[in-house]
Amino acid sequence: MHRYRMLLVGTVMVGAGAYLIFRNPQVFPLWFVWLAGPFLWYSGIAVTIGGLALALFLSPEADKATRTVQAPERDEIRVLQFCTIASQCSAPAGVLHEIPAMGGFIY
Numbered sequence: 000m001h002r003y004r005m006l007l008v009g010t011v012m013v014g015a016g017a018y019l020i021f022r023n024p025q026v027f028p029l030w031f032v033w034l035a036g037p038f039l040w041y042s043g044i045a046v047t048i049g050g051l052a053l054a055l056f057l058s059p060e061a062d063k064a065t066r067t068v069q070a071p072e073r074d075e076i077r078v079l080q081f082c083t084i085a086s087q088c089s090a091p092a093g094v095l096h097e098i099p100a101m102g103g104f105i106y
């Protein structure tokens with residue numbers, strides 16, 4: 000059911016927008032019908048297309064993986080070691096080669 004939730008929400012939005020546009024209920028003010036109806040209609044179509052793509056391309060294993068309990072994270076902070084990256088890279092500090100598009104050298 001988790002895979003089809005977005006598809007269902009989009010279909011409900013399209014239905015609500017269609018009701019407001021085509022039935023033009025007298026319960027709501029006209030400005031609300033004119034603003035909310037097309038908004039629900041067009042955004043509902045977009046959400047429905049996204050939900051359809053999600054339902055088609057999402058594997059059932061990914062749906063099961065979201066329901067499983069995640070293992071607790073360790074109290075460990077990984078720190079990027081900049082000194083090891085800097086010692087491996089022997090590039091010059093400035094631009095010292097010709098750039099033909101500029102027609103000269105940059106120092």
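Following numbering that gives the first Met the number 0, the numbering of the sequence shown begins with 0 at its first residue and continues without gaps. We treat Cβ as the ideally placed atom computed from N, Cα and C, and that holds for glycine.
Nearest C-alpha to residue 45 among 37, 9, 2 and 58: 9.
Following the DSSP letters along the chain, one finds residue 20 in no alpha helix (DSSP H), marked with neither H nor E. When DSSP states are grouped into helix, strand and coil, residue 31 belongs to the helix group. A direct Cα-Cα distance of roughly 9 Å separates residue 48 from residue 5.
Around the beta carbon of residue 26, fewer than 16 other beta carbons sit within 10 angstroms, so the residue counts as exposed.
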